[in-house]
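Novice: Following full-length UniProt numbering from start to finish, the sequence shown increments by one per residue and tops out at 69.
Starting off with a structure, shown below.
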Amino acid sequence: MQQVWLERTLRTRKERVLSRMRGTGEIAEQIHSLFQVFTCKYSLDQRLPPVDVSQFKPPTTGKGQQWLF
Numbered sequence: 001m002q003q004v005w006l007e008r009t010l011r012t013r014k015e016r017v018l019s020r021m022r023g024t025g026e027i028a029e030q031i032h033s034l035f036q037v038f039t040c041k042y043s044l045d046q047r048l049p050p051v052d053v054s055q056f057k058p059p060t061t062g063k064g065q066q067w068l069f
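Okay, here's the thing in structure tokens:
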């Protein structure tokens, strides 16, 4: 959708805009390497454990503002 808009409105600058969105150059590489470091540090590269929905209990009373939810 963005590329269609770029083609219609900024035809001569389309490639320049798209290269900015991709991220090229030294700063983009630094951001990428920093992201990789924190991904490993905080274990974001691993799958999350399955959610245990058996422990969910809906509210029993509708007092106060709870009835809104």
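Idealized CB from N, CA, C, for every residue including glycine.
Since we're looking at a predicted model, the values are computed, not measured.
At what residues does the alpha helix (DSSP H) containing L48 begin and finish?
Specialist: Position 48 of the sequence shown, counted from the start, is the residue given in the question as residue 48. Per DSSP, L48 lies in no alpha helix (DSSP H) and is assigned neither H nor E.
Novice: Once the 5 residues before and after F38 are set aside, which same chain residues still bring their CB inside 8 Å of it?
Specialist: Indexing the sequence shown from 1 puts residue 38 at position 38. These residues qualify, in order along the chain: L44.
Novice: On the three-state DSSP scale, how would you describe H60?
Specialist: Locating residue 60 in the sequence shown gives position 60, where the first residue counts as 1. Looking at the sequence shown, residue 60 is not His but Thr. T60: coil per DSSP, three-state reduction.
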